[in-house]
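Peer 1:
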Amino acid sequence: MNGNIAALPMERPKILLVEDEPGVRRSLQLLLHAQGYDIRSYASSAALIADPLVDEAVCLVADYRMPEMDGLAVLRSLRARGWQRPAILVTAYGSPDLVERAMKEGFSIVIEKPLREHALADAVARLTAPPRASPAPSS
């Protein structure tokens with residue numbers, strides 16, 4: 276044995292992404308993957324809800340307006356089965372009323388489209404960052 280320990284690859288945090296528009300979904304997937312996340316992307320709310328692996332995810336990014344169920348209902352469904360991770364709502368239909376409803380449903384952040392690239396990446400990074408250790412009390 277030569278004393279060198281092979282570095283184990285770090286597991287990328289898993290992000291759930293549900294967006295019905297294929298081009299938007301793909302661009303968000305590429306953006307977040309480039310930031311170091313493992314993206315599980317879904318074209319429909321039903322596909323996300325049916326996936327038994329959603330519990331492994333550390334964050335949800337959901338479009339608001341989708342055909343089957345909106346992003347608020349997606350998070351409500353995940354919460355009903357015990358998923359308690361942070362969530363981001365993305366919408367082209369932003370209003371103070373929607374932001375209030377989203378926060379009541381449990382979303383941490385609402386981001387309006389068109390997305391500024393850094394806004395989503397920064398929000399995901401903030402919500403998935405490990406908690407900072409408190410400094411030890413001085414004696």
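In the numbering used here, the protein residues as written are 276 to 414.
All C-beta atoms in this analysis are idealised placements derived from N, C-alpha and C, irrespective of residue type, glycine included.
All of these numbers come straight from a predicted model, not from anything done at the bench.
For residue 312, count neighbouring C-beta atoms within 10 Å of its own C-beta (all shown protein chains included) and say buried if the count is 16 or more, exposed if not.
Peer 2: By 1-based counting over the sequence shown, the position of residue 312 is 37. Counting Cβ neighbours within 10 Å, residue 312 comes out buried, since at least 16 surround it.
Peer 1: Below 7 Å between beta carbons: does that hold for residue 343 and residue 316?
Peer 2: Indexing the sequence shown from 1 puts residue 343 at position 68. Indexing the sequence shown from 1 puts residue 316 at position 41. The answer is no: Cβ separation not under 7 Å.
Peer 1: So, residue 364 versus residue 377, is the Cβ gap smaller than 7 Å?
Peer 2: Taking the sequence shown and counting its residues from 1, one reaches residue 364 at position 89. Taking the sequence shown and counting its residues from 1, one reaches residue 377 at position 102. Yes. Within cutoff.
Peer 1: So residue 372 is in the alpha helix (DSSP H); what residue range does that whole segment cover?
Peer 2: The residue you call residue 372 lines up with position 97 of the sequence shown. That run of the alpha helix (DSSP H) goes 371-380.
Peer 1: With a 10 Å radius around its C-beta and 16 neighbouring C-beta atoms as the bar for buried, classify residue 328 as buried or exposed.
Peer 2: By 1-based counting over the sequence shown, the position of residue 328 is 53. Label assigned to residue 328: exposed.
Peer 1: DSSP three-state label for residue 313, please.
Peer 2: Walking along the sequence shown from the start, residue 313 turns up at place 38. Note: residue 313 maps to strand in three-state DSSP.
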